[in-house]
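Numbering (the UniProt record's numbering), first residue to last: 1 to 305. Backbone N, C-alpha and C define an ideal beta-carbon position, used for all residues, glycine too. Just so you know, these numbers come straight off a predicted model, no measurement behind them. Since the structure comes first, as structure tokens, the remarks are kept for the end.
Put into structure tokens, the structure is as follows:
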């Protein structure tokens, strides 16, 4: 009986949103899948093709053909990553962003038209029910393997990096506001003064939300880059996010012509140490210190490039 109810709801809601006839429903030349791809691409400046495929659960060959059609229409550009030629990137052109914006506008208008037929009380019941459905199903899927994507920072991400470093390290290690202030200085200086050819940052996303960060910045010594602000949210651990972020940082530092990559960390951050060792970093020195309201041991790690 439960299965029948769920299937009946699916059929009904599919008709409501026009998924079976998406083009005529919104008056666009795009199918539902094509519209989903445009929407995902419009959310960020550049997207890795494997991450796009994972986010939308699309077959690799099908997505490649779809992007090929978009490319022929002048909607997207595909290119190889400057830091790793194995990774293919895709970005919307100006025409592609116009089409995505038009789709978004028409979709919002269609939903607004549907909601206009309901009373305020019914709208509240509807949104509460939708939140319930989403919450229950997301909870059921919590233990399933999840994908992630890595992208460049978007507006608001620098603030997120500062906030989450302060919150996570306070909760897990009891570090005080001195640490958050240090993160704020590093992140702010990067945002204000970075040289795009020599410095870069990455944000990891899980389920459409920021879940990790790392920065590659120029060191004081010539030819030396620093790996800074590596963070993986507790909910994203175990997915390989930290290792991937460090890989991106190392690949960029090599491509940018640095001879060495260094990082400074603390001796009690054991999970991070495992990531650094796998990437080839070697511990150079360890010094007792008092920092962030705790007795700690600062460490200097190096990776020749």
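- Of the candidates 62, 67, 16, 67 places its Cα closest to the Cα of residue 38.
- For residue 221, the number of other beta carbons within 10 angstroms of its own is below 16, and it is reported as exposed.
- The Cβ atoms of residue 151 and residue 232 lie no closer than 8 Å to each other.
- Residue burial is scored here from C-beta neighbours: residue 75 has at least 16 other C-beta atoms within 10 angstroms and is therefore classed as buried.
- One alpha carbon belongs to residue 155, the other to residue 294, and they sit about 33 Å apart.
- One Cα belongs to residue 199, the other to residue 280, and the distance between them is close to 21 Å.
- In summary, residue 56 is exposed, with fewer than 16 beta-carbon neighbours lying within 10 Å of its beta-carbon over all protein chains present.
- By alpha-carbon distance to residue 299, the top candidate from 284, 277, 230, 33 is 284.
- Residues of the same chain with a CB within less than 8 Å of the CB of residue 245, apart from the 5 flanking positions on each side, are 150, 202, 204, 212, 213, 214, 230, 232 in chain order.
- Non-local beta-carbon contacts of residue 216 in its own chain, meaning distances under 7 Å to residues more than five positions away in sequence, involve 199, 200, 225, 227, 249, 252, 253 in chain order.
- By the 16-neighbour rule on beta-carbons within 10 angstroms, residue 274 is exposed.
- Only residues of its own chain outside the window of five on either side were considered, and among them 297 have a CB closer than 7 Å to the CB of residue 288, listed in chain order.
- Going by DSSP, residue 288 is part of no alpha helix (DSSP H) but of the beta strand (DSSP E) stretching over 282–291.
- Under a 10 Å Cβ-count criterion, residue 34 is classified as buried, with 16 or more other Cβ atoms of the shown protein chains found around its own Cβ.
- Assigned with DSSP and collapsed to three states, residue 47 falls in strand.
- When only Cα atoms are considered, residue 88 and residue 50 end up about 8 Å apart.
- With at least 16 other beta carbons inside 10 angstroms of its own, residue 100 counts as buried.
- Around the C-beta of residue 4, fewer than 16 other C-beta atoms lie within 10 Å, and the residue is accordingly described as exposed.
- In the DSSP annotation of this structure, residue 279 is not part of any beta strand (DSSP E), being labelled neither H nor E.
- Counting only runs of at least 4 residues, the UniProt domain "HTH marR-type" (1–135) fully encloses the following alpha helix (DSSP H) elements, listed from N- to C-terminal order: 2–17, 22–26, 32–42, 49–56, 60–72, 94–116.
- Non-local beta-carbon contacts of residue 169 in its own chain, meaning distances under 6 Å to residues more than five positions away in sequence, involve 175, 179 in chain order.
- Under the rule that a run must span 4 or more residues, the alpha helix (DSSP H) segments found entirely inside the UniProt domain "N-acetyltransferase" (161–305) read 177–193, 241–255, 270–278.
- Excluding residues up to 5 positions away in sequence, 223, 224, 225, 305 lie with their Cβ nearer than 7 Å to the Cβ of residue 258 in the same chain.
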